[in-house]
């Protein structure tokens, strides 16, 4: 089962880590009849906002053995918009605990009408599994997954691994400047936080998560994986195979086409989430749109994270505008081990 959740602190509960930042958390388990004969595998994918996690989520969402549920935690902070993350992480922790036991009933109390309709989950069309039987009998298993058709047809129906994804903090900053996340930002740091405050929290949390994973190596051995968005975008098939192997899923041939289309802007956007793009253009786009003083500020507040994850600082505005100046170190990671090569 896959969930997208935002919170602000570490908590160990079953295989759940809820941490000091708004984060996407994805939990997955095999959903086919064949997979049900095996022990389910729960996987959490951790990522900050605007860091490419929707892209990776769709890679899982299109696998027939995966049940994907998009961001149930949104219902909590959307209902309690004036509360701080330090307060909301408690109900979020309990909600996640219930989800790991396949109990969704605690979610109802956070929905506008008590969970009478699945459409109360704002992002339910993002889940392929919720758009087909047995969840929605208005669709047919042989149909191609389409979020818009899911929204129209299915809105009235009744309601152990960890993977961290991250992205260049400068790219995250540029993206967040152009996307309204007012409610989420307020939950994170209080009223009207600056982008510098937000990014400082994000980068500190990413470093904390990584250090926590390394410190818990005995417990997390072969259970934790770190993946940069840029690596996934540039080498989708290689990294998708690696991710699937990590969670015990078979790489299917149709996913090669999906990965190509998603990294070459071949999928038409039909909803809130846009996960199809020109991968190299998306990686470099911030270099054209951000002011260099802002770049310098982000590089300063995110210095530790950038060094740890292989993002190279720029020294001048000319370097920023020169695409031949590298901004990403080559990285080959194995279960959280940091290996950067310039």
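Numbering (the numbering used here), first residue to last: 2 to 343. Ideal placement from N, C-alpha and C gives every residue a C-beta, glycine not left out.
{"Query": "Distance, residue 298 Cα to residue 292 Cα", "Result": "10 Å"}
{"Query": "Beta bridge counterpart(s) of residue 164 as assigned by DSSP", "Result": "46, 226"}
{"Query": "Contact the segment 107-123 vs the segment 66-81: 3+ CB pairs below 8 Å", "Result": "yes"}
{"Query": "Three-state class that DSSP yields for residue 69 in the structure shown", "Result": "coil"}
{"Query": "Residue 239 versus 224, 222, 260, 219, residue with shortest Cα-Cα distance", "Result": "260"}
{"Query": "Stretch pair the segment 45-61 + the segment 85-92: three plus CB contacts closer than 8 Å", "Result": "no"}
{"Query": "Length at least 3, wholly inside the segment 87-118: the beta strand (DSSP E) runs in chain order", "Result": "none"}
{"Query": "Three-state secondary structure assigned by DSSP to residue 324", "Result": "coil"}
{"Query": "Whole-Å CB distance - residue 54 paired with residue 46, under 8 Å assumed", "Result": "6 Å"}
{"Query": "Strand pairing of residue 245, partner residues [DSSP]", "Result": "In DSSP, residue 245 forms no bridge with anything."}
{"Query": "Identity of the residues DSSP links to residue 60 by a beta bridge", "Result": "Bridge partners of residue 60: none, in fact."}
{"Query": "With 16 other Cβ atoms within 10 Å as the buried cut-off, status of residue 180", "Result": "exposed"}
{"Query": "Inter-residue Cα distance where the pair is residue 69 and residue 164", "Result": "15 Å"}
{"Query": "In DSSP terms, what residue 312 is bridged to", "Result": "329"}
{"Query": "Residue 166 vs residue 282 beta-carbon contact at 8 Å", "Result": "no"}
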